[in-house]
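Residue 2 is where the sequence shown starts when you use this note's numbering, and the numbers rise one by one after that.
Note that the Cβ used here is the ideal one computed from N, Cα and C, for glycine as well.
Take a look at the structure set out below.
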Amino acid sequence: MTIEDITLPTLYCPFPSAVNPHREAVHEHTLEWVGHHRLVTDARAFERLRAAQFGQLVARAYPNAPLDRLRLLSDWITWLFILDDECDEHGIGKRPERLAALQARCLKVLVGSRPEEPDPQGLTYPVSDLRAAGKVRPDVPLLGALRDIRKRLRACMPHAWMMRFALGVSDYFEACEWEARNRVQRVWPDPAVYIQMRPYTGALYLLLDLIEMTEGTVLPLTVRKHPLLRALMRITSNVVCWSNDIFSLEKERAHHDLHNLVLILQRHDGLNLQEAVNRVAILTDKQVRASSSWKRSCPCGIPTNLGSI
Numbered sequence: 002m003t004i005e006d007i008t009l010p011t012l013y014c015p016f017p018s019a020v021n022p023h024r025e026a027v028h029e030h031t032l033e034w035v036g037h038h039r040l041v042t043d044a045r046a047f048e049r050l051r052a053a054q055f056g057q058l059v060a061r062a063y064p065n066a067p068l069d070r071l072r073l074l075s076d077w078i079t080w081l082f083i084l085d086d087e088c089d090e091h092g093i094g095k096r097p098e099r100l101a102a103l104q105a106r107c108l109k110v111l112v113g114s115r116p117e118e119p120d121p122q123g124l125t126y127p128v129s130d131l132r133a134a135g136k137v138r139p140d141v142p143l144l145g146a147l148r149d150i151r152k153r154l155r156a157c158m159p160h161a162w163m164m165r166f167a168l169g170v171s172d173y174f175e176a177c178e179w180e181a182r183n184r185v186q187r188v189w190p191d192p193a194v195y196i197q198m199r200p201y202t203g204a205l206y207l208l209l210d211l212i213e214m215t216e217g218t219v220l221p222l223t224v225r226k227h228p229l230l231r232a233l234m235r236i237t238s239n240v241v242c243w244s245n246d247i248f249s250l251e252k253e254r255a256h257h258d259l260h261n262l263v264l265i266l267q268r269h270d271g272l273n274l275q276e277a278v279n280r281v282a283i284l285t286d287k288q289v290r291a292s293s294s295w296k297r298s299c300p301c302g303i304p305t306n307l308g309s310i
């Protein structure tokens, strides 16, 4: 069965559509920001970035964010996309040791430290106009752009939140290394393990943590660790990630990627492709329905103004 034979299901979505009114301004801002930091120097790659419409994405994900915060969110998501794209372009996504070296340098920037000088064994990361030289300086475009993001986050969020955010980025990086090892070894993840890891590989917990920044608040520990809020975050992550696995199926199947719930269930449970797509759609719809009961169960100690969740 080919992709052309598949009927994509209509996923259950009882929520009203909301879009931030600053979406167009944010889209143009992020393109200018990318150019300023020289994150993309190839004209075709820049047009692909323009077509990706990350400003539109964040406008729907954070419909209530003020303009300055929405710009920051758009820049951050675009930075993650460019990082992933660069790793694919240079094969780093299949070389865990090089991926870990790059990620370590990024984390140092995020916590306010200066990355080390380039690794003499060549485990650092060539990018932009330094590619020809095969080495990098601490102020490569990716790291310079990340410094800018950190500076802007630090201006509006306290140190404790910044450390929590850096830990979330570290979890995301670790999940990316897990994917890289699977690709190298051609190991298909077990469905239960994949479901556990998927919110981390999709950076969903990071994006949910950023709701605090858009709302201008910091949730206390008792709220952040409340079982109902943790469950809602998990449900939200599952819905976003699993539906994305359905809609990105064609691309990931063409690239022989192992990390897609449809393909994993197809292989693990002996399903044909349509059956696997339908299975993931049913699982996703169940998660959406489960989320509807959260607000009714929400104790008064948990703020319900975090509208993006």
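Of the residues the options, the one placed nearest residue i, counting alpha carbons only
i, options, result
"Phe248", "Ile236, Arg235, Met234, Leu264", "Leu264"
"Lys226", "Asn239, Val240, Asp210", "Asp210"
"Asp85", "Glu178, Ala232, Ser244, Asn239", "Glu178"
"Asp1", "His260, Arg268, Ser294, Glu251", "It is not possible to answer for residue 1, since the shown part of the chain is limited to 2 through 310."
"Leu229", "Ala255, Trp295, Arg96, Ala277", "Trp295"
"His144", "Leu103, Glu180, Val194", "Strictly speaking, residue 144 in this sequence is Leu, with His absent from that position. Comparing Cα positions, the closest option is Leu103."
"Pro10", "Ala291, Ala282, Arg290, Lys287", "Ala282"
"Lys110", "Ile78, Ile83, Ala146", "Note that residue 110 corresponds to Val in the displayed sequence, not to Lys. If we check each option's Cα against that of Val110, Ala146 comes out closest."
"Met164", "Lys287, Val289, Trp243, Gly113", "Gly113"
"Asn65", "Arg24, Ala46, Asn261", "Arg24"
"Arg184", "Glu29, Trp34, His260", "His260"
"Leu208", "Thr79, Asp149, Arg115, Ala46", "Thr79"
"Val1", "Leu262, Val141, Ala255, Ala46", "Lying outside 2 to 310, the shown extent of the chain, residue 1 is not represented and no answer is given."
"Ala62", "Asp286, Asn21, Ala26, Arg153", "Asn21"
"Ser292", "Arg148, Ala167, Arg182, Arg235", "Arg235"
"Pro142", "Thr202, Val170, Arg106", "Arg106"
"Arg148", "His257, Trp34, Tyr173, Glu276", "Trp34"
"Gly169", "Thr202, Glu180, Arg153", "Thr202"
"Gln57", "Arg199, Ala26, Gly36, Pro15", "Ala26"
"Phe174", "Gly271, Met158, Leu108", "Leu108"
"His257", "Arg231, Tyr206, Val188, Val278", "Val188"
"Ala232", "Arg45, Pro200, His269", "Pro200"
"Arg115", "Arg151, Glu253, Phe16, Ile93", "Arg151"
"Ile93", "Ala156, Arg268, Arg280, Glu180", "Glu180"
"Val59", "Gly36, Ala19, Arg182", "Ala19"
"Asn279", "Glu253, Ala255, Asp246, Arg254", "Asp246"
"Pro67", "Asn273, Glu48, Cys157, Arg182", "Cys157"
CB-CB length for residue i against residue j, believed under 8 angstroms
i, j, result
"Leu266", "Pro221", "Going by Cβ atoms, the distance from Leu266 to Pro221 rounds to 39 angstroms, so no, they are not a contact pair."
"Ala204", "Leu81", "6 angstroms"
"Ser1", "Thr31", "For the chain, the structure presents residues 2 to 310; residue 1 sits outside this window and is missing."
"Ser244", "Thr285", "5 angstroms"
"Tyr13", "Val241", "Incorrect: roughly 14 angstroms between the Cβ atoms, too far for contact."
"Val219", "Trp162", "5 angstroms"
"Gln186", "Thr8", "About 34 angstroms separates the two Cβ atoms, so there is no contact after all."
"Ile4", "Leu40", "With a Cβ gap of about 32 angstroms, Ile4 and Leu40 do not count as contacting."
8 angstroms Cβ cutoff, residue i in contact with chain C
i, result
"Phe166", "Among the chains in the structure shown there is no chain C, since it carries only a single protein chain."
Where residue i sits in the DSSP three-state scheme
i, result
"Gln104", "helix"
"Asn273", "coil"
"Gly203", "coil"
"Asn239", "helix"
"Ile7", "coil"
"Val188", "coil"
"Leu220", "coil"
"Ala60", "helix"
"Asp258", "coil"
"Thr42", "coil"
"Gly145", "helix"
"Trp295", "helix"
"Gln288", "helix"
"His227", "coil"
"Tyr13", "coil"
"His23", "coil"
"Ser18", "coil"
"Asn65", "coil"
"Gln197", "helix"
"Gly113", "coil"
"Gln267", "helix"
"Arg96", "coil"
"Met158", "coil"
"Ser171", "helix"
"Lys252", "helix"
Are the region 60 to 72 and the region 207 to 219 in contact at 8 angstroms, needing three or more beta carbon pairs?
-> yes
Is there contact between the region 48 to 60 and the region 93 to 101, where contact requires at least three CB pairs shorter than 8 angstroms?
-> no
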